Amino acid sequence: MSWMGSALRLIWLAQAALLILPGSWHSLTASGVTVRTDKGLVRGSVHRVRPGHHKHKSVDVFYGIPYARPPVGDLRFMHPEQIDPWGGTLDATRKPNSCMQEPDKFFGDFAGSNVWNPNTNMSEDCLYLNVWTPHRSHASGVADKAVMVWIYGGSFMSGSSTLDVYDGKFLAAEEDVIVVSMQFRFGALGYLVLESLNSPGNAGMMDVRMALEWVQRNIHYFGGNAHNVTVFGESSGAVSAGLLMLSSLGRGLFNRAIMQSASPLAPWATISLDKGIDRSKLLAKRLGCDPDDKDWAILQCLRKIPASRFPKEEAGITRGYAQFPFVPVVDGTFLTKSPQEYLAEGSFKKIPLLMGSNANEGTWLLVYHEPKLFDLNETIKISSEKHRQVLDRLFQYHPQHPIELGQVAKDAVKFQYTDWLRPHNPLVLAGQVEQAVGDFHFVCGVVDMARTVASSGQDVYMYSFSHRMSNTPWPSWMGVLHGDEIFFVFGRPLERHLGYTKNEEILSKKMMKLWANFAKTGNPNNGPGETNAEEWPKYTPDKLKYLNITEDIIGWSGNNVGRGIKPQHCAFWGKHLPALADIEDPAYSSNCTRSSFSKSGAKSSTSMDTTSASVSLTSLVILGASVFWSLVV
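Following this line, the structure appears as structure tokens:
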């Protein structure tokens with residue numbers, strides 16, 4: 001039991017000294033606020049939000065509540081286990097450990113990347129969660145507040161719920177909701193898989209699931225409604241939220257979902273069990289273990305390796321764009337089939353969905369994968385030849401089609417992402433490469449999942465975030481980056497010292513209102529009891545309406561509603577390219593494959609997408625791209 005003392009950081013207080021009223025869910029003392037949970041008492045702290053502002057509010061904050069046993073020793077690689085009850089009162093006033101990862105120092109001490117690096121001690125003992133709740137000085141026993149559970153991104157390689165950008169205080173204070181975030185395992189420590197019950201895979205997803213189970217059992221103690229829970233996440237966090245929609249193990253844990261900048265249909269989101277085992281054994285070899293040994297012996301060897309070594313060795317496991325080495329696998333338990341198959345069969349949790357992407361999703365990948373061409377200078381120019389080479393590398397080492405993509409299909413990609421009015425313009429060529437990378441890896445997976453869910457009759461709200469932050473340290477050519485919307489969803493512009501504009505503060509308040517309204521009612525336009533005019537229309541298979549989020553939405557002009565996010569480009573990736581490459585693997589087609597759609601009865605829209613006749617015609621036209629390309633470029 002020695003681990004419990006260090007992991008839980010108990011403060012032994014006399015129970016009689018606490019002012020806990022019978023039937024109440026929390027109490028306020030001079031030393032903080034104390035709440036009962038099913039495992040014991042926790043003491044948090046009261047934080048003033050926007051002190052000095054005429055509308056300052058307070059929130060009760062609880063950091064580092066354990067929701068599972070520390071996954072160390074024999075528990076490494078295994079699914080999480082329930083934490084034991086504790087005596088006394090647990091100190092929940094300090095941010096918990098971050099899970100093991102390699103901090104991003106690619107650009108040295110650069111503010112743009114540092115904001116995503118862990119800000120607490122890194123440890124394998126990291127399964128803790130945080131709660132922000134509107135401050136109540138008197139225990140009421142009322143549990144009616146909507147709950148928003150944040151799942152951070154980080155390519156399944158990094159991340160921490162303790163980052164300043166994920167501080168839930170503004171959402172809780174401004175929108176009267178409860179915000180929960182959790183630490184969970186990633187990388188090999190979260191997704192290593194072998195054919196053994198002691199390394200079943202998807203431990204990271206099971207961590208998230210156990211945290212959601214904790215919410216169901218305990219959030220009423222904090223004033224939250226366990227029957228009104230919304231999961232929201234960005235990038236790999238959005239993938240995680242989507243996988244919980246698909247898996248039967250996610251049933252009964254939440255009521256709505258928000259997915260920012262990714263979905264389970266992203267080409268990097270999941271891999272097969274065989275691929276997961278191959279990568280796990282390759283890592284074992286790199287760490288000095290015998291990959292040909294029996295699984296129990298491999299595990300015994302791997303459990304002796306210091307946890308800090310795993311992130312360092314993982315980076316060399318895969319090559320190519322967005323080939324994150326350890327991701328969720330189709331393990332037969334958490335996932336019994338691919339995300340494409342779940343969606344094609346209509347086998348997913350039928351709940352309201354809010355999702356979208358940013359204007360320049362691809363720039364983030366380019367600065368890491370093509371640093372010689374795409375650097376931190378203010379403008380980027382590339383030649384036609386470099387344009388060709390980068391787009392070829394987009395598919396290199398890709399598990400869905402590493403060899404199968406022939407020259408005709410590759411030339412079709414170049415044809416699709418060339419501005420034929422300005423085919424040799426260096427600035428335009430760079431922008432087209434960025435759009436290709438972003439569409440393939442982020443945007444079109446979101447579009448395709450939105451259309452599939454909307455076709456099932458569920459309410460879907462789509463957005464495109466197009467505001468470039470005024471104080472971003474990233475160069476201007478990168479535009480609106482992957483992850484930029486997070487700053488506004490969590491209210492960072494309300495921190496006056498960070499240098500945002502007044503309009504950005506207003507925009508952030510508007511976005512928090514939209515996200516919180518959706519969490520409360522399933523409709524971003526209205527909170528409980530409100531019947532405002534519909535400013536953000538539903539996304540439907542026939543009309544494809546979405547909200548373009550810029551500073552202009554402050555005034556809600558009709559120009560903010562668009563129709564069809566990247567319809568031609570996403571039809572290209574989902575329909576035309578698979579036909580050209582003759583790829584039958586359903587994991588490739590971002591549109592769940594044409595045959596899968598016909599099986600499920602879902603119909604792709606004919607007005608903005610391409611009809612079957614035009615698909616065939618366009619495919620025939622693109623077949624000539626290889627010849628045409630050689631003539632004009």
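Quick note: the sequence shown, position 417, residue 417 per UniProt numbering, numbers continuous. Beta carbons: idealized from backbone N, C-alpha and C, even for Gly. Small disclaimer: the values here were computed from a predicted structure and weren't measured.
As assigned by DSSP and simplified to three states, the class of residue i
i, result
"A307", "coil"
"Y166", "helix"
"M449", "helix"
"T34", "strand"
"G190", "helix"
"K545", "strand"
"D392", "helix"
"L429", "helix"
"P578", "helix"
"I271", "strand"
"M78", "coil"
"T550", "coil"
"A262", "coil"
"H227", "strand"
"L514", "helix"
"M462", "strand"
"T379", "coil"
"M157", "coil"
"A519", "helix"
"E495", "coil"
"A315", "coil"
Separation of residue j from residue i, as counted between CA atoms
i, j, result
"P200", "M78", "7 Å"
"residue 662", "S158", "Residue 662 cannot be examined here, being either before or after the span of the chain that is shown, 1 to 633."
"S272", "G445", "18 Å"
"V35", "V480", "41 Å"
"C126", "L335", "24 Å"
"Y191", "V208", "13 Å"
"T333", "S247", "9 Å"
"L580", "A409", "6 Å"
"P96", "R136", "24 Å"
"I351", "S263", "15 Å"
"I380", "H424", "14 Å"
"A516", "P524", "7 Å"
"P70", "A430", "46 Å"
"V115", "H47", "22 Å"
"K39", "W86", "6 Å"
"N559", "S476", "25 Å"
"F440", "A344", "20 Å"
"L427", "T418", "12 Å"
"R50", "E174", "11 Å"
"G406", "V413", "11 Å"
"L514", "I549", "11 Å"
Burial state of residue i, where buried means 16 or more other Cβ atoms lie within 10 Å
i, result
"S383", "exposed"
"A92", "buried"
"E361", "buried"
"residue 644", "Nothing can be reported for residue 644, as the shown portion of the chain is limited to 1 through 633."
"S607", "In this prediction, S607 scores a pLDDT of 39, lower than 50, which makes its location untrustworthy; the coordinate-derived value is nonetheless stated afterwards. S607 is exposed by the Cβ-count criterion."
"W420", "exposed"
"D144", "exposed"
"E434", "buried"
"D274", "exposed"
"L212", "buried"
"K502", "exposed"
"E385", "exposed"
"S470", "exposed"
"P473", "exposed"
"N255", "buried"
"Q568", "exposed"
"D164", "exposed"
Residue i vs residue j beta-carbon contact at 8 Å
i, j, result
"G574", "D448", "yes"
"L544", "G564", "yes"
"F465", "N358", "yes"
"N202", "L299", "no"
"M259", "M122", "no"
"P339", "T270", "yes"
"E551", "L507", "yes"
"S160", "T120", "yes"
"A226", "G233", "no"
(Q) Closer than 8 Å is the cut-off here; do at least three beta carbon pairs connect the stretch 449-466 with the stretch 526-539? (A) yes
Looking at C-beta atoms only, is the number of pairs between the stretch 159-172 and the stretch 491-498 that lie closer than 8 Å three or more?
-> yes
- prompt: Should the stretch 173-181 be called in touch with the stretch 313-324, which here means at least 3 C-beta pairs below 8 Å?
  reply: no
Is the stretch 366-374 close to the stretch 292-311, with three or more CB pairs under 8 Å? no
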